[in-house]
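Take 1 as the starting number for the sequence shown in the UniProt record's numbering and just add one per residue. See below for the structure under consideration.
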Amino acid sequence: MLVAGFLYGNFIINDNEMDQTLTSTIRSLALIIILIRAGLNLDPQAIRKLSTVLARLSLVPSIVEALIVALFAWIWFDFNLSWSLMIGFIIASVSPAVVVPGMVIIQEENYGVNHGIPTLLIASASVDNVFAITGFSVC
């Protein structure tokens, strides 16, 4: 997907020629593919066993980071609260495009699979991303 975006972006001479609905659809499709790939590599028993750890690992850091970034944006840049929170949730999101491929490789090599670590991190990145998108949309 990165290569396709790179080629598409470099063959378009003028930015105004890019169809916004097409680029939005491609971005959404890329996120859907990454999250489906993440979901197919999850172990349901490990998620049930580590559900409280999953909630703490995905929600607490995201909330704290979003609030701290929002506070600094509010103080330093004089943004209103809504804009500050939007910036906080944008910066606080974990990119599943970075986490998922690495964890899939680790899972295929059986590192930490007995303890459910790759499943925990893949699920945590996905929940964190959904939470950040929801927080951004609400603000």
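Ideal Cβ positions, reconstructed from N, Cα and C, are used throughout, including at glycine. Keep in mind that this is a model prediction, so the values were computed, not measured.
When the options are compared against residue i, the one with the closest alpha-carbon
i: A132; options: S58, I26, A38 and G39; result: S58
i: A30; options: T119, N110 and A4; result: A4
i: V138; options: I87, E65, P61 and H115; result: I87
i: I91; options: G135, S24 and D19; result: G135
i: V98; options: K49, A38 and L71; result: A38
i: V113; options: F6, A125, L50 and G9; result: L50
i: F89; options: V104, I36, G102 and A70; result: A70
Through-space distance from residue j to residue i, alpha-carbon basis
i: F77; j: P44; result: 44 Å
i: I34; j: F11; result: 25 Å
i: A73; j: E65; result: 12 Å
i: A123; j: S24; result: 24 Å
i: F79; j: S93; result: 20 Å
i: residue 153; j: I75; result: Only positions 1 to 139 of the chain appear in the structure, and residue 153 is not among them; the question remains open.
i: I32; j: G9; result: 21 Å
i: L40; j: L121; result: 14 Å
i: V60; j: S82; result: 20 Å
i: F6; j: L22; result: 15 Å
i: V130; j: I105; result: 23 Å
DSSP state of residue i mapped onto helix, strand, coil
i: D128; result: helix
i: G5; result: helix
i: L67; result: helix
i: S93; result: coil
i: F79; result: coil
i: V53; result: helix
i: N10; result: helix
Cβ-based burial, residue i [other Cβ within 10 Å; buried from 16]
i: P118; result: buried
i: N110; result: exposed
i: D19; result: exposed
i: S84; result: buried
i: P96; result: buried
i: S126; result: buried
i: L54; result: buried
i: S28; result: exposed
Limits of the unbroken alpha helix (DSSP H) element including residue i
i: S28; result: Q20 to L40
i: G102; result: P96 to E108
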